[in-house]
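K.L.:
Please read through the structure below; I'll follow up with questions.
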Amino acid sequence: MATNMAAGILRGYRDLMDNQSDVRVKNWFLMGSPFPTIFMCLTYVWIVKYAGPKFMEKRKPYDLRRFLFFYNVFQVSYNGWLFYEGVSRWFGRNYSFRCQPVDYSYNPEAVRVAELCWWYYICKLTEFTDTFSFVLRKKNDHISNLHVIHHGVMPLSVWFGVKFTPGGHSTFFGILNTGVHVVMYSYYLLATLGPNMKRYLWWKRHVTSLQMIHFVVIMLHSFQLLFHESCDYPKFFIWWIGLHAIMFYLFFTEFYKQQYGRSPPLNAIFEKKMN
C-alpha cells in the first residue's frame with residue numbers, strides 16, 4: 006500500500022512538472038526541478054543561522070566595505086535593468102492592471118517576458134549575499150527571523166512562478182519589487198561610503214515604509230482578481246502572491262515597531278480610525 010501511495014505521489018509530481026508547467030522553461034538553468042532551489046534555500050538558512058556564526062565565533066569581523074560598495078552597485082544596476090524592462094512593457098504593450106493572462110506562446114515578446122521572470126528568480130538568489138555579509142561582519146543582530154524568512158522563501162516562491170506562470174498578472178509584483186529594491190540598495194550603497202554620508206541617510210525609515218506600502222499594493226493587485234471571474238489567470242497564484250504579501254507586511258510591521266518604537270504610518274492611520 007505504501008509503495009502504491011509513493012508511486013502515485015511520484016506520478017502526480019511528474020505530471021505537475023512535465024505536463025502542467027510551462028514547457029518553454031523546462032530546460033532552462035535550475036528550472037527542471039524545484040529541489041536544487043530548495044537545497045540552496047535550506048543551505049542558506051543553515052549557513053546564516055548555524056555554520057556562519059560558528060565560523061565567525063572566534064574571528065574578528067571582516068571589513069567588507071569595498072566589496073559591499075561594488076555589490077550594491079551591482080544590485081542597483083540589476084534591479085534597475087529589470088525595472089526598466091518591466092515598465093517599458095507595461096506602458097509599451099498594453100499591460101492590463103485589471104487582468105493580464107499569461108501568454109504561453111513562442112511569440113518573441115512572450116518568450117522575452119518569461120526570460121525576464123527567470124532573471125528575476127536569479128536576482129533573488131544573489132540576494133543571499135545580503136545575509137552572508139552580515140555574518141562575516143558579525144552583525145548578528147541584523148539577521149532577524151524576518152530577514153532570514155524573507156530571503157529564504159523568495160527564491161523558491163519565484164521559482165514556482167517562473168515554472169508555471171512566467172508573465173501575465175504576476176509580473177506586477179516583480180516589477181514593483183525591483184523598483185523598491187533600487188531605492189533600498191541605493192541607500193545601502195551610500196551607507197558604504199563612510200560616516201561622512203550619515204547625514205544624508207535620514208530616509209532609512211522611509212525605505213522601510215516604502216517596502217511595506219509595496220506589499221499592500223501587491224496584495225490588493227493580486228486579490229482583486231478574485232472578483233474578476235472571467236480572468237484567465239490561475240487562482241492558486243492569486244492566493245500564493247497575495248498571502249506572501251500579507252505575511253511579509255506583518256513581518257515588516259513588527260520590524261518597524263522594534264526599530265522605531267511606534268507603529269508604521271499605515272497602521273497608525275488604521276488605529277486612529279478604529280479609535
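The opening position of the sequence shown corresponds to residue 6 in the numbering used here, with each subsequent residue numbered one higher. Don't be surprised by glycine CBs; every beta carbon is placed ideally from N, CA and C.
Determine the DSSP secondary structure at Trp207, reduced to helix, strand or coil.
P.N.:
Within the sequence shown, the letter at position 202 stands for residue 207. Coil.
K.L.:
Between which residues of its own chain and Asp20 is the CB-CB distance below 7 Å, once the five residues before and five after are set aside?
P.N.:
Here the question's residue 20 lines up with position 15 in the sequence shown. No residues qualify anywhere along the chain.
K.L.:
Taking all protein chains shown into account, do 16 or more other C-beta atoms lie within 10 angstroms of the C-beta of Gln263, making it buried, or fewer, making it exposed?
P.N.:
In the sequence shown, the residue the question calls residue 263 occupies position 258. The residue in question, Gln263, is exposed, as its Cβ has fewer than 16 Cβ neighbours within 10 Å.
K.L.:
Within the continuous alpha helix (DSSP H) that includes Thr136, where are the two ends?
P.N.:
Your numbering for residue 136 matches position 131 in the sequence shown. Annotation for Thr136: the continuous alpha helix (DSSP H) segment containing it runs Phe133 to Leu141.
K.L.:
Rounded to the nearest angstrom, what separates Ile246 and Ile223 at their Cα positions?
P.N.:
Indexing the sequence shown from 1 puts residue 246 at position 241. Indexing the sequence shown from 1 puts residue 223 at position 218. Each residue's alpha carbon lies about 8 Å from the other.
K.L.:
Comparing C-alpha positions only, which one of Tyr125, Thr258, Tyr261 and His155 sits nearest to Ser175?
P.N.:
Here residue 175 corresponds to residue number 170 of the sequence shown, with the count starting at 1. The shortest Cα separation from Ser175 among Tyr125, Thr258, Tyr261 and His155 belongs to Tyr125.
K.L.:
With 16 as the cutoff for other CB atoms within 10 Å, does Tyr83 come out buried or exposed?
P.N.:
Looking up residue 83 in the sequence shown gives position 78. Buried, because 16 or more other Cβ atoms sit within 10 Å of the Cβ of Tyr83.
K.L.:
How should Gln25 be labelled, buried or exposed, when 16 other C-beta atoms within 10 angstroms of its C-beta is the threshold for buried?
P.N.:
Numbered from 1 along the sequence shown, position 20 holds the residue referred to as residue 25. Label assigned to Gln25: exposed.
K.L.:
Rounded to whole angstroms, what's the CA-CA distance from Ser191 to Val163? Just pull it up for me.
P.N.:
The count along the sequence shown starts at 1 and reaches residue 191 at position 186. The count along the sequence shown starts at 1 and reaches residue 163 at position 158. In a straight line, the C-alpha of Ser191 is about 23 Å away from that of Val163.
K.L.:
Pull up the distance between the alpha-carbon of Tyr265 and that of Val221, whole angstroms please.
P.N.:
Numbered from 1 along the sequence shown, position 260 holds the residue referred to as residue 265. Numbered from 1 along the sequence shown, position 216 holds the residue referred to as residue 221. Approximately 20 Å between the Cα atoms of the pair.
K.L.:
If the criterion is Cβ atoms closer than 8 Å, does the pair Gly179 and Cys236 meet it?
P.N.:
Taking the first residue of the sequence shown as position 1, residue 179 is located at position 174. Taking the first residue of the sequence shown as position 1, residue 236 is located at position 231. No, the pair does not count as a contact, with Cβ atoms beyond the cut-off.
K.L.:
Apart from the five residues on each side of it in sequence, which residues of its chain come closer than 8 Å, Cβ to Cβ, to Gly91?
P.N.:
Within the sequence shown, residue 91 is the residue found at index 86, counting from 1. Leu121, Thr176, Gly179, Ile180 and Thr183, listed in sequence order.
K.L.:
Given a threshold of 16 other Cβ atoms within 10 Å of its Cβ, counted over all protein chains shown, does Pro171 qualify as buried or as exposed?
P.N.:
On the sequence shown, position 166 is the one that residue 171 refers to. Label assigned to Pro171: buried.
K.L.:
Give a yes or no on whether the C-beta atoms belonging to Val30 and Val118 are separated by under 8 Å.
P.N.:
Here residue 30 refers to the residue found at position 25 when the sequence shown is read from its first residue. Here residue 118 refers to the residue found at position 113 when the sequence shown is read from its first residue. Contact: no.
K.L.:
If distances are taken between C-alpha atoms only, which option among Arg103, Phe79 and Asn150 comes closest to Glu132?
P.N.:
Taking the first residue of the sequence shown as 1, we reach residue 132 at position 127. The shortest C-alpha separation from Glu132 is found at Phe79.
K.L.:
Given Tyr49, which residues of its chain have a CB within under 6 Å of its CB, disregarding the five upstream and five downstream residues?
P.N.:
Position 44 of the sequence shown holds residue 49. Excluding residues within five positions, the ones whose Cβ falls inside 6 Å are Phe133 and Gly157.
K.L.:
Just to confirm before moving on: does the CB-CB distance between Leu230 and Cys104 stay below 8 Å?
P.N.:
Counting from 1 along the sequence shown, the entry for residue 230 is found at position 225. Counting from 1 along the sequence shown, the entry for residue 104 is found at position 99. Yes; because the gap between Cβ atoms is below 8 Å, this pair is in contact.
K.L.:
Using alpha carbons as the reference points, say which of Trp86, Leu255 and His147 lies closest to Gln216.
P.N.:
If you number the sequence shown from 1, residue 216 lands on position 211. If we check each option's Cα against that of Gln216, Leu255 comes out closest.
K.L.:
By the three-class DSSP mapping on this structure, what secondary structure does Cys236 have?
P.N.:
The residue given as residue 236 occupies position 231 in the sequence shown. Reduced to three states, the DSSP call for Cys236 is coil.
K.L.:
For the stretch 40 to 73, list the alpha helix (DSSP H) runs that are entirely contained and at least 4 residues long, ordered along the chain.
P.N.:
Counting only runs of 4+ residues, the alpha helix (DSSP H) found wholly inside the stretch 40 to 73 occupies 40 to 51 and 57 to 61, in chain order.
K.L.:
Quick one, which of Trp86, Arg64 and Val188 has its alpha-carbon nearest Lys144's?
P.N.:
As a working note, residue 144 is residue 139 in the sequence shown. Ranking Trp86, Arg64 and Val188 by Cα distance to Lys144 puts Arg64 first.
K.L.:
Please name the residue, chosen from Tyr238, Leu198 and His219, that lies closest to Phe75 on a Cα-to-Cα basis.
P.N.:
Locating residue 75 in the sequence shown gives position 70, counting from the first residue. Closest option to Phe75, Cα to Cα, is Leu198.
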